[in-house]
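Here the numbering used here runs 2 ahead of the position in the sequence shown, where the first position is 1. Scroll down for the structure; my scribbles are underneath it.
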Amino acid sequence: MLTVAFTGTLSKLFLKLGCSEVKVVGLPILLDALAEDNRAGRGLITVSNHISVLDDPLVWGILPWHHYFSSRKTRWTLGASDIIFKNPIFSQFLRNGQVIETFRGDGINQKAVHLSIEKLNSGDWIHIFPEGKVNQIKSNPGGDLLRFKWGVSHMMIKANSTPRVIPMYLEGFDDIMPADRGFPRFMPRFGKRLKITFGDPSGVTEEVRAIQETCTAEDVATSGLVPPSNESDPEAQLRILMADILRQAVKRLGDDVTRSRPT
C-alpha cells in the first residue's frame, strides 16, 4: 500500500496547493458505498468521463487520508499497456498502485477483465473510464461523450452480484493537462479550478440489476432498445444496452452539473 499512499499524498497536496479551487459534490455517496457494513459481498464500480491524463490519480486526492492505507478503500483501475506500461520500473509502480494492465484490441476475454471480475466478486472497488481514452469535449465544440466500451458491461454481467454503480463527472482536469499544451508537456498547469461530482447510484444500479435478472440476450435483441448488431455472441446485445445505460447516467449527471453553473 506504500505506492497508493505515496500517490494519494501527492494528489492531495496538488489539489490543496496547486489548484485555485476544488469543489467536491456528493463525496459521502462514495464513502458510504465503501463502508464495510454496506458492501454486502458485492463490488463497487465508479464510472466517469475522461478529460485528462491525470484524472487518475489526481481525483482520488479528495479521499480521507486513511483510505490510502487500505486496498479495500482505494480503487483498482485499468490502464492501457501501450500507453503507460512501457517502462519496467514504472510498470511495477503502477501495478503496486492497483492499476491493472489492459491490452487494447484484445477485447473482453482478456486477463485484465477477468481479474476485474474477480475483484468485484471479492467486494473490491473498480474505477473505469469507459470511453477508453481522453476526450476533451471543451476543445471540441459540439462534442459529446464517446461510446462506452463493453468491458465494464461484461464485468457487471459476469459478477456474482450486481455491483453498485456510481456515476461521476469531472470538470477542470482538462485545464490542468490540455491536449494542446506546449513545453513542458509533462508538467501540469497550476491554479486551475476543479469540480468532482458523484451521482446517486440507486437508479443506475437498479436499472442494471433489473436487466440482469429479467432480460435474456434474446429479449434485448428483439426489444428495439439497441440497434441491430453483427456480433455472433448473443451476450453482445446485453453489453451494448448496459454500456448505453452507463453512458446515459454519466451524461445526465454532466448535464445537471452544466445546468447548475452560475450564469
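Beta carbons are placed, not taken as given, at the ideal position from N, Cα and C, and that holds for glycine. Since the model is a prediction, treat every value here as computed from it, not as a measurement.
| query | result |
| --- | --- |
| Integer Cβ distance of Leu274 from Val49, believed to fall under 8 Å | With the chain running from 3 to 265 in the structure shown, residue 274 is simply not present. |
| Which of helix, strand or coil DSSP assigns to His129 | strand |
| Where the beta strand (DSSP E) through Met179 begins and ends | Note, Met179: premise wrong, no beta strand (DSSP E); not H, not E. |
| Sequence-distant residues of its chain with Cβ nearer than 6 Å to His129 (five each side left out) | Thr48, Arg77 and Thr79 |
| Three-state secondary structure assigned by DSSP to Val136 | coil |
| Cβ-Cβ separation, Arg191 to Asp177 (assumed contact under 8 Å), whole Å | 6 Å |
| Ordered list of alpha helix (DSSP H) runs contained in the segment 76-123, each at least 4 residues | 83-86, 90-98 and 113-123 |
| Inter-stretch contact at 8 Å, needing at least 3 Cβ pairs: the segment 105-115 / the segment 142-158 | yes |
| Start and end residues, beta strand (DSSP E) containing Pro169 | Arg166 to Glu173 |
| Anticipated Cβ contact below 8 Å, Pro165 with Arg41, distance rounded | In fact, because the Cβ distance is near 10 Å, the residues do not count as touching under 8 Å. |
| Cβ contact check for the segment 13-33 and the segment 85-98: 3 or more pairs under 8 Å | no |
| Nearest-angstrom Cα separation, counted from Ala114 out to Arg195 | 34 Å |
| C-alpha gap between Ser262 and Lys140, whole angstroms | 17 Å |
| Lys135, buried or exposed, once every other Cβ within 10 Å from all chains shown has been counted against 16 | exposed |
| Contact belief for Met170 with Ser118 at Cβ below 8 Å, rounded distance in angstroms | Going by Cβ atoms, the distance from Met170 to Ser118 rounds to 17 Å, so no, they are not a contact pair. |
| Range covered by the alpha helix (DSSP H) that runs through Leu1 | Any answer about residue 1 is impossible in this case: the structure gives the chain only from 3 up to 265. |
| Backbone CA spacing between Lys197 and Gln138 [nearest angstrom] | 15 Å |
| Any non-hydrogen atom of the ligand HEM closer than 8 Å to Glu133 Cβ | Ligands are entirely absent from the displayed structure, and the ligand HEM is therefore not among its contents. |
| Exposed unless 16 or more other CB atoms sit within 10 angstroms - verdict on Leu126 | Residue 126 is actually Asp in this sequence, not Leu. Classification of Asp126: buried, given that the 10 Å Cβ count is 16 or more. |
| Exposure label - His69; buried when at least 16 CB within 10 Å | buried |
| Supposed close pair Glu266, His52 - CB separation, criterion 8 Å | An answer regarding residue 266 cannot be provided, because it is not within the stretch 3 to 265 covered by the chain. |
| Residues bridged to Phe200 (per DSSP) | Met170 |
| Cα-Cα separation, Gly145 to Thr9 | 32 Å |
| Counted within 10 angstroms of its Cβ, other Cβ atoms place Ile85 as buried (16 or more) or exposed | exposed |
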